[in-house]
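Structure record follows, encoded as structure tokens.
Numbering (the numbering used here), first residue to last: 244 to 524.
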């Protein structure tokens, strides 16, 4: 969290005063998964080429990203934990939740699958099997969107995970890539987004063992920071970016195709209101 705040301060120092004043700069706090996948950079670069408006981001877990925005240090957030998002908006820090895209979470583990969860269709049932077997499970434990999603599954399973088998990753705030690499080194089960897994797949021993449960869907949302809270927020320019990201012929097309060439399937799926209206016409 401290690193994120320091990074934001450096970015602000690096932005020419006339650029910011002209409304040609946006700063966004983004959940780490989309940053690690590369899609955030691709979207920002394409938008800048088309509009001349520069977007820069800092990556942080959803809880940390929203806290950064609570200080008025960014114009926009990209996050994925509905309960935290709704609270942020209800508190008046955000103007509203705007659907952008989605992918899904998966439960991965060692190929020999000591808890016997492979092929389980219900994610909660799979986690209960891991707990019953006392098989080592790694959690980010950092109130990020991934951690919140994991805890939601435990809650639906009627469990509060605890014990020596349930291991909190000390560097969970560094993101899903770091968490997954550590789980792989240790041979632990873990809960991770598919995009992160696919990005590291060739270097991993862990396998996807549970997938496809609707409770594993991972919705990613945009929230503009409320200019009534912070007059310095570049709201109008942020909304230009939001409109571009959610447009069926702009950002949503990029999201639809991102990852197809490298992985054979997209890493994310378009989910804006405008995209859904176009698809269902």
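Note that CB positions come from ideal geometry on N, CA and C, so glycine has one too.
Could you confirm whether any beta carbon from chain C is found closer than 7 Å to the beta carbon of residue i?
i           : result
residue 327 : Going by chain labels, chain C is absent from the structure shown, which holds only one protein chain.
What does the Cβ neighbour count give for residue i, buried or exposed, with the cut at 16 atoms within 10 Å?
i           : result
residue 495 : buried
residue 277 : buried
residue 347 : buried
residue 523 : exposed
residue 456 : buried
residue 514 : buried
residue 314 : exposed
residue 507 : exposed
residue 416 : buried
residue 388 : buried
residue 383 : buried
Would you grab the beta carbon distance between residue i and residue j for me? Rounded to a whole angstrom, and I think it's under 8 Å.
i           : j           : result
residue 343 : residue 488 : 6 Å
residue 482 : residue 467 : 6 Å
residue 307 : residue 392 : Actually they do not touch by this definition, with Cβ atoms about 16 Å apart.
residue 349 : residue 339 : Residue 349 to residue 339, Cβ: 30 Å. No contact.
residue 477 : residue 275 : The pair is not a contact, with the Cβ atoms about 23 Å apart (cut-off 8 Å).
Hey, how far is the Cα of residue i from the Cα of residue j?
i           : j           : result
residue 295 : residue 431 : 45 Å
residue 396 : residue 365 : 10 Å
residue 251 : residue 356 : Because the pLDDT at residue 251 is just 47, under 50, the model does not fix this residue reliably, and the point stays unresolved.
residue 287 : residue 443 : 23 Å
residue 441 : residue 358 : 23 Å
residue 446 : residue 386 : 27 Å
residue 284 : residue 303 : 15 Å
residue 290 : residue 270 : 13 Å
residue 435 : residue 351 : 7 Å
residue 336 : residue 327 : 12 Å
residue 493 : residue 462 : 19 Å
residue 491 : residue 448 : 38 Å
residue 472 : residue 390 : 28 Å
Once you ignore the five residues that flank residue i on each side, which residues in its own chain have a CB closer than 7 Å to its CB?
i           : result
residue 425 : 381, 412
residue 378 : 357, 358, 408, 432
residue 510 : 280, 282, 346, 438, 441, 501, 502
residue 519 : none
Going along the chain, which residues of its own chain have a beta-carbon closer than 8 Å to the beta-carbon of residue i, five neighbours each way excluded?
i           : result
residue 485 : 319, 341, 465, 467
Tell me which same chain residues have a C-beta within less than 6 Å of the C-beta of residue i, skipping the five on either side of it?
i           : result
residue 360 : 369, 372, 452, 453
residue 354 : 450
residue 300 : 271, 273, 283
Report yes or no: do three or more beta-carbon pairs, one from the segment 399-414 and one from the segment 366-375, lie closer than 8 Å? Flag = yes, the segment 399-414 and the segment 366-375 touch.
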